[in-house]
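Trainee: Take a look at the following structure, please.
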Amino acid sequence: GENVEQHPSTLSVQEGDSAVIKCTYSDSASNYFPWYKQELGKGPQLIIDIRSNVGEKKDQRIAVTLNKTAKHFSLHITETQPEDSAVYFCAAPPGGSYIPTFGRGTSLIVHP
Amino acid sequence: NAGVTQTPKFRILKIGQSMTLQCTQDMNHNYMYWYRQDPGMGLKLIYYSVGAGITDKGEVPNGYNVSRSTTEDFPLRLELAAPSQTSVYFCASREFTVNTEAFFGQGTRLTVV
């Protein structure tokens, strides 16, 4: 089955700095890579996703990059703000599967 | 638009008791999932369903049961609660198309004492 590794498990930054979270996956047939944000006491919510026909996607301060050859994808958050503090999960459903495989999550802490 | 609704939000159970965690979605999604989230351990799949009347085991199904009698509802049953089942439980759903996002409920925090 698919194996998704996510690093780091904890990331602490100062407000205004950039944050990068990386995930690697094992199934070369995977072609959809979402990122979820989980705020305290809530369920995960999609913030951005990328499909394998593009290498990068941006939405304001967040971006996701994909390297299919190396089988890794990354979440980039620029100009971090305290409200970015949350747990972030990557996912990489095996090719053609309807069961998303999640990374272990990254706890991002943004210090004011 | 309610999305995915879970009840209850919190529950304390005694060892050996049973309970049902309720999950309902109003998006007419075929796929529904139950995950548990332990501290630092990410999301582990308990059971999933691809449509009414069809369920299957995930990574950690022992101690749980599910049913899917309607498209909307996907309850999770704990028959004999054990301390190891102390966790936060999330229900999720997604539409039939493969590469689409999952929608999560707010979670149920369960403590077994």
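Going line by line, the protein sequences match chains A and B.
For the first sequence, the positions run 529 to 640 when the working numbering is used.
For the second sequence, the positions run 33 to 145 when the working numbering is used.
Built from N, CA and C at the ideal position, the CB exists for glycine as well.
(1) Between the stretch 553-564 of chain A and chain B, which residues of the former have CB atoms less than 7 angstroms from a CB of the latter, in chain order?
(2) Drop a sphere of 10 angstroms on the beta-carbon of Asn94 of chain B, count the other beta-carbons inside from all chains shown, and report buried for 16 or more, exposed for fewer.
(3) Less than 7 angstroms between C-beta atoms, sequence neighbours within five positions excluded: which residues of the same chain meet that for Ala591 of chain A?
(4) CB Val532 of chain A to CB Thr606 of chain A, shorter than 8 angstroms?
(5) Is it right to say Leu133 of chain B is buried, meaning 16 or more other beta carbons lie within 10 angstroms of its own, or is it exposed?
(6) Within 10 Å of its beta-carbon, does Val582 of chain A have 16 or more other beta-carbons around it, so buried, or fewer, so exposed?
(7) Output needed for Asp58 of chain B: all residues of its chain with C-beta closer than 6 angstroms, excluding positions within five of it in sequence on either side, in chain order.
(8) Answer with yes or no whether the minimum CB distance from Asp577 of chain A to chain B is below 8 angstroms.
(9) What are the residues that DSSP puts in a beta bridge with Gly544 of chain A?
(10) Taking the continuous beta strand (DSSP E) assigned at Met51 of chain B, which residues delimit it?
(11) Tell me which residues share the same chain as Ser613 of chain A and place their Cβ nearer than 8 angstroms to its Cβ, disregarding the 5 neighbours each side in the sequence.
(12) Closer than 8 angstroms by beta-carbon distance: list the chain A residues that pair up with Gln138 of chain B, in chain order.
(13) So if DSSP puts Arg141 of chain B in a beta bridge, which residue, or which two residues, is it bridged to?
(14) Using the Cα positions of Ala114 of chain B and Lys41 of chain B, report the straight-line distance between them to the nearest angstrom.
(15) Between Tyr63 of chain B and chain A, is there a C-beta pair that is closer than 8 angstroms?
(16) Can you pull out the residues from the stretch 94-115 of chain B whose beta carbon lies closer than 7 angstroms to at least one beta carbon of chain A?
(17) Taking 8 angstroms as the cut-off, decide whether the C-beta atoms of Leu108 of chain B and Tyr96 of chain B are in contact.
(18) Measure the C-alpha to C-alpha separation of Val144 of chain B and Val120 of chain B and round it to an integer number of angstroms.
(19) Which chain B residues are close to Tyr616 of chain A, counting only those with a beta carbon under 7 angstroms from its beta carbon?
(20) Would you list, in chain order, the members of the stretch 36-51 of chain B that have their beta-carbon closer than 7 angstroms to a beta-carbon of chain A?
Mentor: Quick answer:
(1) Asn559, Tyr560, Pro562
(2) exposed
(3) Glu584, Lys585, His604
(4) no
(5) It is worth fixing the name first, because residue 133 of chain B is Glu in this sequence and not Leu. Its Cβ being crowded by 16 or more others within 10 Å, Glu133 of chain B is buried.
(6) exposed
(7) Ala34
(8) yes
(9) Gly544 of chain A is not bridged to any residue.
(10) 51-57
(11) Leu636, Ile637, Val638
(12) Gly569, Lys570, Gly571
(13) B:Phe42, B:Val120
(14) 19 angstroms
(15) yes
(16) none
(17) yes
(18) 11 angstroms
(19) Within 7 angstroms Cβ-Cβ: nothing; Tyr616 of chain A doesn't reach chain B, min ~11 angstroms.
(20) none
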